[in-house]
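*Asks:*
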Amino acid sequence: MPSWFSKVFKSEEDSPKSTAPEPIEDVVEEDDDEDEPLPKERRVVNAPIVVDESEASGYSDDIVIKAKMEPQANGCTFLVDRPLLDGLSFWAPDADTAYGSAPLAGAIFDLGGIATVLIHGMTVTVSRDGTEFSPWEEVAKRIGAQIRAHLKSGMPVLDPDYQARIADEATIAKELQKVIDEEINPGIASHSGVITLNRVVGNTAYITMGGGCHGCAASTITLRSGIEGAFRGAVPELGAVLDETDHTSGTNPFFKELPAGMGM
Amino acid sequence: MPRLDTFQLVLQTGDSGPGAVPKYSINGFPLEFDDYEGGTGPGETLQAVAHPQSFPHTLILSGPEDGTWDIVGAEITYHCDGDEPYSLTLGEVMLGDHDDLNLWYAKPPKVFDV
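Chains as they are written, first to last, in the working numbering: chain U, 21 to 284; chain A, 3 to 116.
1) With respect to the alpha helix (DSSP H) encompassing Tyr119(U), which residues constitute its N-terminal and C-terminal limits?
2) Expressed to the nearest angstrom, what Euclidean distance is found between the alpha-carbon atoms of Gln183(U) and Asn218(U)?
3) Cutting at 8 Å between CB atoms, please list the residues of its own chain near Ala169(U), excluding the five before and the five after it.
4) Expressed to the nearest angstrom, what Euclidean distance is found between the alpha-carbon atoms of Leu131(U) and Arg162(U)?
5) According to DSSP, is Ser31(U) helix, strand or coil?
6) List, from N- to C-terminal side, the alpha helix (DSSP H) runs of 4 residues or more that fit wholly inside the region 17 to 59 of chain A.
7) Closest to Ala125(U) by C-alpha separation, out of Val146(U), Val214(U), Gly141(U), would be which residue?
8) Can you give me the C-alpha to C-alpha distance between Asp17(A) and Val74(A), rounded to a whole angstrom?
9) Nearest-angstrom Cα distance between Asn104(A) and Thr60(A)?
10) Going along chain U in order, which residues have a C-beta closer than 9 Å to the C-beta of Thr91(A)?
11) Does the beta carbon of Leu103(A) come closer than 8 Å to any beta carbon on chain U?
12) Of all Cβ atoms in chain U, is any one closer than 8 Å to the Cβ of Phe35(A)?
13) Please confirm if the region 247 to 260 of chain U is in contact with the region 181 to 195 of chain U, defined as three or more CB-CB distances below 8 Å between the two stretches.
14) Report all residues from its chain with a CB closer than 8 Å to the CB of Thr42(A); omit the five preceding and five following residues, and keep chain order.
15) Among Pro103(U), Glu158(U), Ile167(U), Val64(U), which one has its Cα closest to the Cα of Pro1(A)?
16) How far does the beta strand (DSSP E) with Ser109(U) in it extend, from its first residue to its last?
17) Just reading off the alpha helix (DSSP H) that Lys194(U) is part of, what are its end residues?
18) Please list the terminal residues of the continuous alpha helix (DSSP H) segment that includes Arg305(U).
19) Would you mind stating whether Asp99(A) and Ser64(A) have Cβ atoms separated by less than 8 Å?
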């Protein structure tokens, strides 16, 4: 008999017996079901992924740019071998925003067929608007060339006047917290969801999606369509909004088996 | 989401392990491996194969009910419908008696120089 079996299902002989009389107030009628042990709540753990360093390319004097497809977002992320913005990030939902604020983003919109541009750290994430149907591999090469040419030209990534208008971290955090408290959390309460603002660094917001949002397969939609929109309405100069939730681990990773009798 | 036809698991146990071959769960449904060699006792290596033929929202290796499981490392090879197989190497992790191990990692996106 396995050791866990004997621990969970103790026989009556093994159970400690009390000789003291039981107080009357402790005597309650119990269902038979209550004698059954509750199953342990289990959590899912992620092991570290081992990366083969020999596959990494070496440093080059030229500007090295790698493109990573983001098929779910019809987008592509470009990893540049150097920081693009010093402690800030930039989000352009359209060409007009880009032209007036970030010359690098404007240069990418010049290629046509671009929907959004996000610049953060060493990355540029681009999505397409669906009006241009070339394979991403071709478009990515053109965008990579445009990024490289812009950086070599010495032009700023962000317009200095626009940069000067970006509010300080405390002001941004206060505005975002107000949006969370008054709009977002009351709105997702019906799904038992809760959003926490972890911190603001520069103009980048880091959040955690908890409760019903943790591990929910629709959490990305909630983030991109709901939370980001509300945030940007309150703070137009907000850059990246990054979800720090590990949706694959914990006690509710995407899918949880329902108790017997519930669901299908 | 691709249909996962088969996955192969090679897992090395360190100083502590449950000994028995664990189950895996796909989308919350516990299943036995279809074939295996070795075990999960201290110092043992488990080689196991499963054919879930399903679309994984979650793929989990059941952790120990009792004690700890010192996993030194693991390699998982996924065979998804209509795609080339891909492999992933996991590093060291210690599971407690409330822990299960995540085994599902979607195929990494294509990365190329531009």
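A virtual CB, placed ideally from N, CA and C, is assigned to each residue, including glycine.
*Replies:* The answer reads as follows:
1) Against the first sequence, residue 119(U) aligns to sequence position 99. Residues 115 to 121.
2) As a first step, residue 183(U) is located in the first sequence; it is residue number 163 there, counting from the start. As a first step, residue 218(U) is located in the first sequence; it is residue number 198 there, counting from the start. Computed Cα separation, rounded: 23 Å.
3) Start at 1 with the first residue of the first sequence, and residue 169(U) comes out as number 149. Excluding sequence neighbours, Ala169(U) sits near Ala127.
4) In the first sequence, the residue the question calls residue 131(U) occupies position 111. In the first sequence, the residue the question calls residue 162(U) occupies position 142. Annotation: Leu131(U) to Arg162(U) spans about 8 Å, alpha carbon to alpha carbon.
5) Reading the first sequence from its first residue, position 11 is the one you call residue 31(U). Any reading at Ser31(U) is ruled out, since the residue's pLDDT is 40, under 50, leaving its predicted position unreliable.
6) none
7) What you label residue 125(U) is simply residue 105 of the first sequence in a count that begins at 1. Nearest of Val146(U), Val214(U), Gly141(U) to Ala125(U), Cα basis: Val146(U).
8) The sequence position of residue 17(A) within the second sequence is 15, counting from 1. The sequence position of residue 74(A) within the second sequence is 72, counting from 1. C-alpha separation (whole angstroms): 9 Å.
9) In the second sequence, counting from the first residue as 1, residue 104(A) sits at position 102. In the second sequence, counting from the first residue as 1, residue 60(A) sits at position 58. Asn104(A) and Thr60(A): Cα-Cα distance of roughly 8 Å.
10) Position 89 of the second sequence, counted from the first residue, corresponds to residue 91(A). Going along chain U in sequence order, the residues near Thr91(A) (Cβ under 9 Å) are Ile69, Val70, Val71, Asp72.
11) Taking the second sequence and counting its residues from 1, the one referred to as residue 103(A) is at position 101. Yes, contact with chain U.
12) As a working mapping, residue 35(A) is identified with position 33 in the second sequence. Cβ-Cβ to chain U under 8 Å: no for Phe35(A).
13) yes
14) Residue numbering aside, residue 42(A) sits at position 40 when the second sequence is read from its first letter. Closer than 8 Å at Cβ, skipping near neighbours: Leu13, Thr15, Gly19, Pro20, Gly21, Ala22, Val23, Pro24, Leu48, Trp71.
15) Past the boundaries of the shown model lies residue 1(A); chain A is included only from 3 to 116, so the question cannot be answered.
16) Within the first sequence, numbered from 1, the residue matching residue 109(U) stands at position 89. Residues 109 to 112.
17) The residue labelled residue 194(U) in the question sits at position 174 within the first sequence. Residues 189 to 199.
18) Absent from the model: residue 305(U). The displayed extent of chain U is 21 to 284, so no value can be given.
19) The residue labelled residue 99(A) in the question sits at position 97 within the second sequence. The residue labelled residue 64(A) in the question sits at position 62 within the second sequence. No.
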